[in-house]
Amino acid sequence: MLQWFPQSRALFVYSPRLPVSDGMQSNGSSNNYLHLTVPQNQSRLVFERMARGIGRLSKSLTPENVHRFRTNSRRVEALIENLAPETRNKKKVLKLVSKLRKRAGKLRDLDVQIALLKNLKVPDRQNHRAQLLEVLEEEHARRSRKLTKAADSSTLQELRKRLRRERDAIQLKGVDPLRLAASSLPKPGQVPLTEKTLHSFRIAAKHARYLAELAGENPAAKVFVNELKRAQDAAGEWHDAVKLKQRAEKRFGSASDSALVSVLQNISRARFRAASNALMTAVATLSREQHSREKQPAKPPTHIQQEVTAGTARSRAVA
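So in this note's numbering, spot 97 of the sequence shown is number 99, and the numbers just go up one at a time.
Next up, the structure:
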């Protein structure tokens, strides 16, 4: 059973966005499959980390465990959706992962919103900040209970079993992770950027980043991942602010009615501009680099190049 932490200020530790490194590193596992290709090894690591995340979530709903579970869930979803054959198990495991990820995501969003609200420096003569903080903490307690109920032992056992099947079903032969990731990049220039479209672009960028991580320490892939992560961080900060602003508006009205709403509107607007610029810059940069790579002639494998070089040297010696 999961342990539910009452949301008293003394007992619950809130954390800022992304306190835990969630990047995929090739040496992140004690069991490194040396006989596998880099994408195969990275794929195994994704499923290993998901299994550990399930285990931690089953013990306690700390912000770190909830965050890890959500990010690992998105990685697993990206791999299964793109690289696993269409089967009944695939449909069921994606549905199960999505359900738990969404519940964990709502809890994680509340963690971040509470932290943002607590750190917000704003005159509170109307007592709106204190009121909203109390509402968020009460909702956090409800969301914790819902996640506990959804992630019972039998559900987690079924999830582990279905994930093992998908891990073995993933098809990576002939897959170019970077090309696959590039094809998943959002296309911001095709539609105006609004709050709704920016959120969907943020999710698409995460999807592309997780696919690129299959390339491991490939220099081009590392650039791809780092560019998208910077854009995602900016978009994540905007998303936190806009969700908190929407909660405040729903409860207290417009900016003219509440100093808190006014401040949150200004913050969310500023973060929207920063996130939009960061995402569009990252996508444009990566699209240019991908186009440049595709125009370059493919290099022969190292052993073939060595044979060609040796043959040329022999020809010159004979001549």
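Using N, Cα and C, we set each Cβ at its ideal position, and we do this for glycine too. Quick caveat, the model's predicted, so the values are computed rather than measured.
Contact between the segment 99-107 and the segment 139-154: three or more CB pairs below 8 Å? yes
Candidates Ala280, Ala217, Leu134: closest to Leu174 by CA position: On the sequence shown, position 172 is the one that residue 174 refers to. Among Ala280, Ala217, Leu134, the Cα nearest to that of Leu174 is on Ala217.
Pull up the distance between the alpha-carbon of Asp235 and that of Ser45, whole angstroms please. In the sequence shown, counting from the first residue as 1, residue 235 sits at position 233. In the sequence shown, counting from the first residue as 1, residue 45 sits at position 43. The straight-line gap from Cα to Cα measures roughly 24 Å.
Between the segment 181-188 and the segment 276-296, are three or more C-beta pairs nearer than 8 Å? yes
The alpha helix (DSSP H) spanning His209 covers which residue range? To locate residue 209, count along the sequence shown from 1; it is residue 207. Taken as a continuous stretch (DSSP letters only), the alpha helix (DSSP H) holding His209 covers 197-214.
Own chain, CB closer than 6 Å to Met3, minus 5 neighbours either side, in chain order: Position 1 of the sequence shown, counted from the start, is the residue given in the question as residue 3. Confidence at Met3 is low in this model, with a pLDDT of 43, below 50, so the placement of that residue should be treated as unreliable; the coordinate-derived value is given next. Nothing meets the Cβ criterion.
Quick test of the definition: if touching needs 3 or more C-beta pairs under 8 Å, does the segment 266-277 touch the segment 226-243? yes
Gly55 classed as buried or exposed, judged by whether at least 16 other C-beta atoms fall within 10 angstroms: Taking the sequence shown and counting its residues from 1, the one referred to as residue 55 is at position 53. So Gly55 counts as buried.
Is it true that the CB of Ile82 sits closer than 8 Å to the CB of Lys94? Here the question's residue 94 lines up with position 92 in the sequence shown. Here the question's residue 82 lines up with position 80 in the sequence shown. Going by C-beta atoms, Lys94 is not nearer than 8 Å to Ile82.
Alpha-carbon to alpha-carbon, Arg76 and Leu215: Taking the first residue of the sequence shown as 1, we reach residue 215 at position 213. Taking the first residue of the sequence shown as 1, we reach residue 76 at position 74. The question names Leu, yet the displayed sequence has Glu at residue 215. Approximately 13 Å, taken between the alpha carbons.
Output yes or no for whether 8 Å exceeds the beta carbon distance between Ala250 and Leu109. Residue numbering aside, residue 250 sits at position 248 when the sequence shown is read from its first letter. Residue numbering aside, residue 109 sits at position 107 when the sequence shown is read from its first letter. No, they are not a contact pair.
Burial state of His37 (16 or more Cβ within 10 Å): In the sequence shown, counting from the first residue as 1, residue 37 sits at position 35. Exposed, since its Cβ has fewer than 16 Cβ neighbours within 10 Å.
What are the start and end residues of the alpha helix (DSSP H) that includes Asn67? Counted from its first residue, the sequence shown places residue 67 at position 65. Unbroken alpha helix (DSSP H) run through Asn67: 65-85.
Within 10 angstroms of the Cβ of Val88, are there 16 or more other Cβ atoms? Answer buried if so, exposed if not. Position 86 of the sequence shown, counted from the start, is the residue given in the question as residue 88. Residue 88 is actually Glu in this sequence, not Val. By the neighbour-count rule (16 or more Cβ atoms within 10 Å), Glu88 is not buried but exposed.
Assigned secondary structure, Ser186 (DSSP; H/G/I helix, E/B strand, else coil): What you label residue 186 is simply residue 184 of the sequence shown in a count that begins at 1. Ser186 falls in the coil class under three-state DSSP.
Ranges of the alpha helix (DSSP H) found wholly within the segment 139-188, counting only runs of at least 4: 155-171, 179-185
Could you check which residue in Ala80, Leu118, Arg51 has the C-alpha nearest to that of Leu182? In the sequence shown, counting from the first residue as 1, residue 182 sits at position 180. Of Ala80, Leu118, Arg51, the residue nearest in Cα terms is Ala80.
Assuming the contact rule is C-beta atoms closer than 8 Å, Val227 and Arg211 should be a hit. Round their C-beta distance to whole Å, please. Counted from its first residue, the sequence shown places residue 227 at position 225. Counted from its first residue, the sequence shown places residue 211 at position 209. Right, the Cβ-Cβ distance comes to about 5 Å (below 8 Å), so this counts as a contact.
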